[in-house]
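S.K.:
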Amino acid sequence: VRATRGGEEVRGYVPSMGQIFMRRFQMVTQFRQSLEDGQVSVHYQPKVSLPNRQVQGVEALVRWVHPEFGRIDPDEFVPAVEAAGLIGALTEFVLEEALHRVRKWLDDGLRISVAVNLSVRNLADEEFPRRVSQALERVGVPPELLTFELTESGVMSDPQKALPILRELHALGIVLAVDDFGTGYSSLAYLRQLPVDQVKIDKSFVLGMGTDLGDLAVVRSIVELGHSLGLTVVAEGVEEDVARDQLEAMGCDVAQGYLISRPLSEERLEAWLQARTARTPGRHAEAVLTL
Ligand code: C2E
Ligand code: MG
Ligand code: MG
Ligand code: MG
């Protein structure tokens, strides 16, 4: 039997509809407990600014190791958790972990920002900005060290609800980024309507730009138009030196991808940072990365 999933060929075994349904059912009914049982954790992927290649921040990415299913891809369980109305608990968990991480870095003299992915459902929750603001205060993290990433479709599915919430978050001083840019149906012009600071070029274009002139053109135009709107431009999916060099030449501000690092567990990230931190005696340490 042959099937494709996410572009990869899966041979030999195709789950039945019943099995898919059961797996999804188990995921959503067990999710809350899995948070308490420590099956869910947060990994962090570093981002570096170009051209100086300093560690500028990390993206928080949720991980779930299920006792029966093993590692479940967030692209599978996040939508399921979202549809089941449980995204509030997931976002809160990731946000708490991420804020405590930033606080710990501050205590160590490191100023590193963290980006947390939001779901469209978070942007429909009127209480969300207040809870975020309370968490920032409680943990002791300045709002400019927190970024929220949201997808275009997330905002556009219900702009009437999402916009006031985005404005509130922005007014708190939190950095807002549009994730996976270029994959939705919206144009850069519509970005002007949103209170956003950053645009993240979807990894599909960045991965393709070495071999596909169309992808290269998309990347170039997002960088240029992003800048003309005063936005910081981040490229995700930077896997090769060539891509990083091209992005640097285009003036792209920040690079994220396997070339810099894969997402890392908290412990592995600490070691990764430690190896790249140049400390100046008597001054605040700065994390300097040379690739
Ligand atoms: P995303 O926010 O666009 O995150 C970037 C994804 O690209 C991550 O996949 C990351 O591991 C992957 N990636 C990073 N660099 C490279 C690279 O150089 N090459 C390739 N091929 N891939 C790269 P991941 O961790 O599997 O997450 C997938 C998606 O799941 C995320 O896409 C995001 O939409 C969602 N997600 C992850 N964590 C959370 C979360 O805490 N909350 C919410 N709501 N969604 C999350
Ligand atoms: Mg993201
Ligand atoms: Mg993305
Ligand atoms: Mg994505």
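Here our numbering is used: position 156 in the sequence shown is 161, and no number is missing along the way.
Idealized CB from N, CA, C, for every residue including glycine.
(1) To the nearest angstrom, how far is it from the Cα of ALA88 to the Cα of LYS109?
(2) Looking at the strands, I want to know which residues DSSP matches up with GLY75.
(3) With H, G and I counted as helix, E and B as strand and the rest as coil, what does DSSP make of ALA89?
(4) On the criterion of 16 or more Cβ atoms from any shown chain inside 10 Å, does GLN61 qualify as buried, or is it exposed?
(5) Please report the straight-line C-alpha distance between VAL70 and PRO20, rounded to a whole angstrom.
(6) Check GLN38 in the structure and name its three-state DSSP category.
(7) Let's see if you can read the secondary structure: which residues bound the alpha helix (DSSP H) around ILE170?
(8) Taking only the alpha-carbon atoms, compute the straight-line gap between GLU131 and ARG267 and give it to the nearest angstrom.
(9) Indicate the three-state DSSP secondary structure (helix, strand or coil) for THR188 in the structure shown.
(10) In the DSSP assignment, find the beta strand (DSSP E) that holds SER226 and state where it starts and stops.
(11) List the residues that DSSP assigns as beta-bridge partners of SER118.
(12) Within a Cβ cutoff of 6 Å, which residues of the same chain sit near PHE210, ignoring the five residues on either side of it in sequence?
(13) Does the structure place the segment 258-265 close enough to the segment 66-81 that three or more beta carbon pairs sit under 8 Å?
(14) Between the C-alpha atoms of VAL6 and MET22, what's the straight-line distance to the nearest angstrom?
(15) Heavy atom of ligand 1 less than 6 Å from the Cβ of LEU91, yes or no?
(16) What do you reckon, is the C-beta of ASP185 under 6 Å from a heavy atom of ligand 3?
(17) Looking at TYR49 and LEU278, is the spacing between their C-beta atoms short of 7 Å?
(18) Please state if the CB of LEU128 and the CB of ALA167 are separated by a distance shorter than 7 Å.
(19) Once you ignore the five residues that flank LEU171 on each side, which residues in its own chain have a CB closer than 6 Å to its CB?
(20) Which same chain residues, not among the five before or five after GLN44, have their C-beta less than 8 Å away from its C-beta?
(21) With hydrogens ignored, establish whether the beta-carbon of GLU41 is closer than 6 Å to any heavy atom of ligand 3.
(22) Using the Cα positions of SER124 and GLU253, report the straight-line distance between them to the nearest angstrom.
(23) Where do the N-terminal and C-terminal ends of the beta strand (DSSP E) with ALA129 fall, by residue?
(24) How is the beta strand (DSSP E) around GLN251 delimited, first residue to last?
(25) Hey, would you say the C-beta of ASN122 is under 6 Å away from at least one heavy atom of ligand 2?
M.R.: Straight from the coordinates:
(1) Position 83 of the sequence shown holds residue 88. Position 104 of the sequence shown holds residue 109. Cα atoms of ALA88 and LYS109: separation of roughly 33 Å, rounded to the nearest angstrom.
(2) Numbered from 1 along the sequence shown, position 70 holds the residue referred to as residue 75. Residue pairing for GLY75: DSSP places it in a beta bridge opposite HIS71.
(3) Here residue 89 refers to the residue found at position 84 of the sequence shown. Note: ALA89 maps to coil in three-state DSSP.
(4) Numbered from 1 along the sequence shown, position 56 holds the residue referred to as residue 61. Burial check for GLN61: the Cβ neighbour count within 10 Å reaches 16 or more, so the residue is buried.
(5) For the purposes of this step, residue 70 is taken as the residue at position 65 of the sequence shown. For the purposes of this step, residue 20 is taken as the residue at position 15 of the sequence shown. Computed Cα separation, rounded: 20 Å.
(6) For the purposes of this step, residue 38 is taken as residue 33 along the sequence shown, with counting starting at 1. Looking at GLN38 - three-state DSSP - the assignment turns out to be helix.
(7) Start at 1 with the first residue of the sequence shown, and residue 170 comes out as number 165. Looking at the DSSP string, the run of the alpha helix (DSSP H) that includes ILE170 is 164-176.
(8) Mapped onto the sequence shown, residue 131 falls at position 126. Mapped onto the sequence shown, residue 267 falls at position 262. If you take the alpha carbons of GLU131 and ARG267, they lie about 34 Å apart.
(9) Stepping through the sequence shown from its first residue, residue 188 is reached at position 183. Of the three classes helix, strand and coil, the one that applies to THR188 here is coil, per DSSP.
(10) As a working note, residue 226 is residue 221 in the sequence shown. Per DSSP, SER226 belongs to no beta strand (DSSP E); it is in the alpha helix (DSSP H), 218-233.
(11) In the sequence shown, counting from the first residue as 1, residue 118 sits at position 113. In DSSP, SER118 forms a bridge with GLY62.
(12) Position 205 of the sequence shown, counted from the start, is the residue given in the question as residue 210. These residues qualify, in order along the chain: GLY187, ASP220, VAL223 and VAL224.
(13) No: the two stretches stay apart, fewer than three of their Cβ pairs being nearer than 8 Å.
(14) Sequence index remark: in the sequence shown, residue 6 carries index 1 (1-based). Sequence index remark: in the sequence shown, residue 22 carries index 17 (1-based). With a pLDDT of 44 at VAL6, under the threshold of 50, the modelled position of that residue is not reliable, and the figure given next carries that caveat. In this structure, the alpha-carbon of VAL6 lies about 15 Å from that of MET22.
(15) In the sequence shown, counting from the first residue as 1, residue 91 sits at position 86. Not so, every heavy atom of ligand 1 lies at least 6 Å from the Cβ.
(16) Indexing the sequence shown from 1 puts residue 185 at position 180. Correct: ASP185 has its Cβ closer than 6 Å to ligand 3.
(17) Looking up residue 278 in the sequence shown gives position 273. Looking up residue 49 in the sequence shown gives position 44. No, the Cβ-Cβ distance between LEU278 and TYR49 is not below 7 Å.
(18) Residue 167 sits at position 162 when you count from the first residue of the sequence shown. Residue 128 sits at position 123 when you count from the first residue of the sequence shown. The answer is yes: Cβ separation under 7 Å.
(19) Your numbering for residue 171 matches position 166 in the sequence shown. Result list for LEU171: PRO200, in chain order.
(20) Within the sequence shown, residue 44 is the residue found at index 39, counting from 1. Excluding positions up to five away in sequence, the list reads TRP69, VAL70, HIS71 and PRO72.
(21) Looking up residue 41 in the sequence shown gives position 36. No, since every heavy atom of ligand 3 falls outside the 6 Å radius drawn around the Cβ of GLU41.
(22) Numbered from 1 along the sequence shown, position 119 holds the residue referred to as residue 124. Numbered from 1 along the sequence shown, position 248 holds the residue referred to as residue 253. Annotation: SER124 to GLU253 spans about 30 Å, alpha carbon to alpha carbon.
(23) If you number the sequence shown from 1, residue 129 lands on position 124. Note, ALA129: premise wrong, no beta strand (DSSP E); not H, not E.
(24) Start at 1 with the first residue of the sequence shown, and residue 251 comes out as number 246. No beta strand (DSSP E) contains GLN251, which is instead part of the alpha helix (DSSP H) from 246-255.
(25) In the sequence shown, counting from the first residue as 1, residue 122 sits at position 117. Yes, the beta carbon of ASN122 sits closer than 6 Å to at least one heavy atom of ligand 2.
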